[in-house]
Amino acid sequence: MRCRKCGEKAAINMRQHKLALCGTHFLEWIPEQTQRFIEKYKMFEEDSRILLAVSGGKDSLALWDVLHRLGYQTTGLYIDLGISDYSIQSQRMAEKFATENDLKLTLVDVAESEGATIPEASKLTERGKGKPCSVCGLTKRHIMNRVAREGGYDVLVTGHNLDDEAAVLFGNTINWAVGYLARQGPVLEEKADGLVRKAKPFCRFYERETAAYALLRGINYIYDECPYAEGATSIYYKELLNQMEEVRPGMKLSFYLSFLRAKKFGLFVQESTIAQSKLVNCSTCGQPTTAPDQCAYCRTWDKVRSRQAAA
Ligand code: Q46
Ligand code: ZN
Ligand code: ZN
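What follows is the structure, encoded as structure tokens:
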């Protein structure tokens, strides 16, 4: 296989685009495409202040690298969840990348800021049936929004790739979770008071492309998944979608793009309006929620702290 641009040996063949590229041209293609997606979906502007959620994994570090190469002003946000060795290793990767590229990284230690690590908090609540993912998800979302608001950032950016987005879309479609479908997309415009705008510049790249980019750029990232990710439904959906992709190259991309097109033509508009109208501000933290009084984050962590005090 030869590079379409220069005829040298190709480093990657992207069957869904019928495009093979050498390392040099692939490393140019990724930022060019990212810039195209940023403009197409009006994610942010040249001078926007960007907060980027960094996990230490390949997607977030590759995205940080690309945005930095494109000249955007970014600050990384790493949240220490207190998940044993995984958190220690992933923080090390995030810090190493920030230091080597002279980039600013904000650290939030959940145990320090909230009073317990994610696994400890999970044990003290009924949420998640032994898995801390539910507490973890709502805590991460809350902290990201809080840091973005307090720091006056224009947008919160995450490294979700096409495999992530297609798996979420698959799950939401199977369950006809229209409220979630209404909110899914490359940009989450939050008109609700107190919710920061979110964007996913890598949402059209396959996972193997972001991995190849990280590898070719020599980015050190944490290979291991969080130990609690094992057995997750999203992983099962990813495997199913990969099987379909094997038979029909481009299937994942067309699934996602057809969904975006349908949304553009008005599908789920009603659900989106209903969801928006249900939002109220939490009586404790002020962040928007659909709960009648306190948001799920405040209820969960109040319970954790009161159980800690009682113990
Ligand atoms: S939610 Fe669950 Fe992830 Fe949190 S506990 Fe680990 S697997 S990190 S994306
Ligand atoms: Zn080439
Ligand atoms: Zn709250």
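Counted from 1, the sequence shown has number 171 at position 17 by the working numbering; the numbering is strictly sequential.
Heads up, the beta-carbon is just placed ideally off N, CA and C, and yes, glycines get one too.
Rounded straight-line distance, which links the Cα of residue j to that of residue i
{"i": "Asn315", "j": "Trp455", "result": "30 Å"}
{"i": "Phe386", "j": "Glu319", "result": "The sequence given here has Ala at residue 386, not Phe. Their backbone Cα atoms lie some 15 Å apart in a straight line."}
{"i": "Ala275", "j": "Leu235", "result": "10 Å"}
{"i": "Cys452", "j": "Met155", "result": "55 Å"}
{"i": "Thr188", "j": "Val301", "result": "25 Å"}
{"i": "Phe356", "j": "Ile192", "result": "9 Å"}
{"i": "Arg303", "j": "Glu268", "result": "18 Å"}
{"i": "Gly440", "j": "Asn396", "result": "41 Å"}
{"i": "Glu425", "j": "Tyr307", "result": "28 Å"}
{"i": "Phe324", "j": "Tyr240", "result": "28 Å"}
{"i": "Leu257", "j": "Tyr360", "result": "26 Å"}
{"i": "Gln445", "j": "Thr178", "result": "Note that residue 445 corresponds to Ala in the displayed sequence, not to Gln. Those two C-alpha atoms are separated by around 50 Å."}
{"i": "Leu221", "j": "Ala321", "result": "25 Å"}
{"i": "Leu261", "j": "Tyr410", "result": "33 Å"}
{"i": "Asn435", "j": "Tyr195", "result": "28 Å"}
{"i": "Arg246", "j": "Ala336", "result": "36 Å"}
{"i": "Ser437", "j": "Ile297", "result": "17 Å"}
{"i": "Ser412", "j": "Lys457", "result": "42 Å"}
{"i": "Trp183", "j": "Lys159", "result": "11 Å"}
{"i": "Asn374", "j": "Phe198", "result": "27 Å"}
7 Å Cβ cutoff met for residue i and residue j
{"i": "Ala252", "j": "Gly230", "result": "yes"}
{"i": "Asp219", "j": "Thr364", "result": "no"}
{"i": "Gln170", "j": "Pro403", "result": "yes"}
{"i": "Tyr382", "j": "Ala216", "result": "no"}
{"i": "Gly291", "j": "Ser244", "result": "no"}
{"i": "Ala331", "j": "Pro442", "result": "no"}
Where the alpha helix (DSSP H) through residue i begins and ends
{"i": "Ala450", "result": "450 to 464"}
{"i": "Gln424", "result": "423 to 432"}
{"i": "Leu173", "result": "First-last for Leu173: 173 to 175, but that is the beta strand (DSSP E), not the alpha helix (DSSP H)."}
{"i": "Gln397", "result": "387 to 401"}
{"i": "Tyr226", "result": "Here Tyr226 belongs to no alpha helix (DSSP H), and DSSP marks it neither H nor E."}
{"i": "Asn326", "result": "316 to 328"}
First through last residue of the beta strand (DSSP E) which encompasses residue i
{"i": "Asp378", "result": "Here Asp378 belongs to no beta strand (DSSP E), and DSSP marks it neither H nor E."}
{"i": "Tyr307", "result": "Here Tyr307 belongs to no beta strand (DSSP E), and DSSP marks it neither H nor E."}
May I have a chain-ordered list of the beta strand (DSSP E) segments no shorter than 3 residues that lie completely inside the stretch 242 to 290? Counting whole runs of 3 or more residues, the stretch 242 to 290 contains the beta strand (DSSP E) stretches 258 to 263.
Closer than 6 Å is what we want: which residues have a beta carbon that near any heavy atom of ligand 3? List them in chain order. Cys436, Thr438, Cys439, Gln441, Gln448, Cys449, Tyr451, Cys452
Can you list the residues near ligand 2, meaning Cβ strictly closer than 6 Å to any non-hydrogen atom, in the order they appear in the chain? Taking every residue with its beta carbon within less than 6 Å of a heavy atom belonging to ligand 2 gives, in chain order, Cys157, Lys159, Cys160, Glu162, Leu175, Cys176, Thr178, His179.
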